[in-house]
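Taking the working numbering, the leading residue of the sequence shown gets -8, the next gets one more, and so forth.
Even for Gly, the Cβ is constructed at its ideal location relative to N, Cα and C.
Model, not experiment: these values are computed from the prediction.
First the structure, in the form of C-alpha cells, and then the observations on it.
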Amino acid sequence: MPLVLTRSAALQQRAEKLFPGGVNSPVRAFRAVGGEPPFIERGEGAYLWDADGNRYIDYFGSWGPMILGHAFPPVVEAIQQAAARSASFGASTAAEGDLAELVQFAYPSIEKMRFVSSGTEATMSAIRLARAFTGRKYIVKFEGCYHGHADGLLVKAGSGVATFGIPGSAGVPEEAAHFTLALPFNDVPAVETAFEKHRDHIACIIVEPIVGNAGCIPPAPGYLEALRALTKKRGSLLIFDEVMTGFRVALGGAQELYGIRPDLTTLGKILGGGLPVGAFGGPAHIMDQLAPLGPVYQAGTLSGNPLAMAAGIATVGHLRDHRAEVYPKLEKLSAAVADGVAAAAEVEVPLTTNRVGAMFTWFFTPDPVTDYAGAARSSIDRFAAFHRAMLSAGVWLPPSQFEAAFLGTAHTDADIAQTVDAARQAFAAIASKAGPEE
Ligand code: KE4
C-alpha cells in the first residue's frame, strides 16, 4: 500500500526553496531510489515516525550513530543535564577528558586525541598531521571509500559521490586532488605498485578497514595486515578511518576485530551518540605535532562541545559497561536479518549479502562484491525498487546501494520477522516485473 506522505511532500516543497535539493546532505534526497523522502518527526528505540505518522523500523540509525536506538533514556538525560548548564563555553571542560578516557579504554592505539565536530574534520586533520609528520605529500585512499568531503578526499569516493555517479566533485582544483592516489580496495599488488612508483613520497594510507561507503565490503584475509606491513616498511602512516566501524563492529572497532594497530585513527558517528562529534588520535609523539605544541594547526569553535561530550559519554560508557551482552546481541540480530532477507530473495532475485557485525548490505548482483567495481555491478534499479517497497512496508533502509545498513540494540526478533516478511513480498513483486534479462 503506497505511503501517505502529504505533510512530508509539503515540507519538501518548502525545503526545496531553502536548501539545494531540499536537503542539508545530498544522500538524504532519495534521488537514487526515487519517491519523496519522508520527513522524520521523532524516533524512539528502533523506530522512526514521519510527519504523516508513518512508523518505520530503522536500519539506518542516522547513518550509524544510533546504535543504542533513538531517544535512549541515559543519553537524553545526559544531554538535558548538560544543556541546563549552558550549551557551550569555548573553554576546556572535564567532560572532554571523561570521553577521551573512554576512547583510550576502547582504542589502546590512541594515546592522545583531538575532538572535532564531524568525521570530515577528523580525516582532514589526520591527513594534514600525517603529511607534516612524514614531510611527504602523497596520500593513498581506495575507490569507493568515503572519508568526508575535504577536497583531496573527493577522489573516486563512495557514499553520495558514488550514489550520484559523480567522479569526484566540481570545485576541486586538480592541484588539490593531484596528490591523492585512489586504488582498488582488497588489491595488495596495486598498493605495492604505488609504493614502487612513489617510493618515500607517500605520507599515509587512509582506509575504511571495513568499507561501508560502497555498501559493506569486508577486508580480504591478510589485506589489512599487508597495508600495515607496507606502510611500516615505507615509513608511511596507516590511518584507519573508523568513523563508521568505530564502536560498531566491536567496542574497539575494526582494529580490535582484526588485531591491527594503525598509526592514526579517526572516529565519529557513535562517538557522539547522535550529536556532532569526530575525533582523531594516535601516539603522543605524532599528536604532539599539533598546535599549540607543534607546527600543525587544527582548531574548532565547538570542538569538545559539552552537550556532544555528554551524549558521547552516555553512549560509549553504556557500550563499555554492557559490551559483553551488546555485541553478541547485535551479531545475532544482524545475522538473522541479513540472512533472512537473503533467504527470502533466493528464489526470486539474485543477491549478494556482505556483513560484518551490525553493518551489512544486500547487493543486487549474483557475484561476490570485494571492491567498488563489484559493488557497481549491482542493479541500481532493483535496489531502488526494493528500497521503495520496503519503505512502503514500514522498513527504513539507507537510500543507496552504496551505503551500509545498521542495526541497534533496540531492535527485536519481531522487527526482524516483520522485515524479512516485507522483503519476501518485495522480492516477489520485483521478480514478477523483471524481464528474463534481469
Ligand atoms: P561526516 O563529515 O559526514 O560526519 O563524516 C564523514 C565520514 C568519514 N568517514 C566515514 C567512514 C564515513 O562514513 C563518513 C560519513 N558517512 C556518510 C554516510 N555513509 C555520511 C552521510 C552523509 O553524507 O549525509
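Report the three-state DSSP secondary structure of residue i (helix, strand or coil).
{"i": "Phe351", "result": "strand"}
{"i": "Gly206", "result": "strand"}
{"i": "Gln4", "result": "helix"}
{"i": "Asp279", "result": "coil"}
{"i": "Tyr38", "result": "strand"}
{"i": "Ile407", "result": "helix"}
{"i": "Ile118", "result": "helix"}
{"i": "Val287", "result": "strand"}
{"i": "Glu428", "result": "Here the model assigns Glu428 a pLDDT of 40, short of 50, so the residue's position is not dependable, and the following value carries that caveat. It is coil, neither helix nor strand."}
{"i": "Thr256", "result": "strand"}
{"i": "Glu339", "result": "coil"}
{"i": "Val(-5)", "result": "coil"}
{"i": "Glu322", "result": "helix"}
{"i": "Glu27", "result": "coil"}
{"i": "Arg368", "result": "coil"}
{"i": "Arg33", "result": "strand"}
{"i": "Val386", "result": "strand"}
{"i": "Val328", "result": "helix"}
{"i": "Pro200", "result": "coil"}
{"i": "Leu248", "result": "helix"}
Spell out the partners DSSP gives residue i in its beta bridges.
{"i": "Cys195", "result": "Ile130, Leu228"}
{"i": "Met104", "result": "Gly272"}
{"i": "Ala241", "result": "Gly237"}
{"i": "Asn345", "result": "Thr352"}
{"i": "Phe393", "result": "In the DSSP output, where bridge partners are listed per residue, Phe393 has none listed."}
{"i": "Arg219", "result": "Answer is none; Arg219 lacks a bridge partner."}
Can the beta-carbon of residue i be found less than 8 angstroms from the beta-carbon of residue j?
{"i": "Ala202", "j": "Phe176", "result": "Rather than Ala, the amino acid found at residue 202 in this sequence is Val. It is a contact, given that the beta carbons lie within the stated cut-off."}
{"i": "Arg415", "j": "Ala335", "result": "yes"}
{"i": "Ile261", "j": "Gly243", "result": "no"}
{"i": "Ile193", "j": "Arg119", "result": "no"}
{"i": "Val182", "j": "Val146", "result": "no"}
{"i": "Ser53", "j": "Gly265", "result": "yes"}
{"i": "Asn204", "j": "Phe393", "result": "yes"}
{"i": "Ile304", "j": "Ala86", "result": "yes"}
{"i": "Leu398", "j": "Leu324", "result": "yes"}
{"i": "Pro253", "j": "Ile277", "result": "no"}
{"i": "Ile101", "j": "Gly273", "result": "yes"}
{"i": "Val347", "j": "Pro212", "result": "no"}
{"i": "Leu258", "j": "Val240", "result": "no"}
{"i": "Val24", "j": "Arg379", "result": "yes"}
{"i": "Ala42", "j": "Leu2", "result": "yes"}
{"i": "Ile58", "j": "Thr400", "result": "yes"}
{"i": "Leu90", "j": "Arg311", "result": "no"}
{"i": "Ile421", "j": "Val340", "result": "yes"}
Beta strand (DSSP E) runs wholly inside the region 44 to 93, at least 3 long, in chain order: With a minimum length of 3 residues, the continuous beta strand (DSSP E) runs that stay inside the region 44 to 93 are 46 to 49.
Start-end ranges of the alpha helix (DSSP H) lying completely within the region 137 to 198, minimum 4 residues: Restricted to the region 137 to 198, the alpha helix (DSSP H) segments that are unbroken, complete and at least 4 residues in length are 150 to 154, 165 to 169, 179 to 189, listed in chain order.
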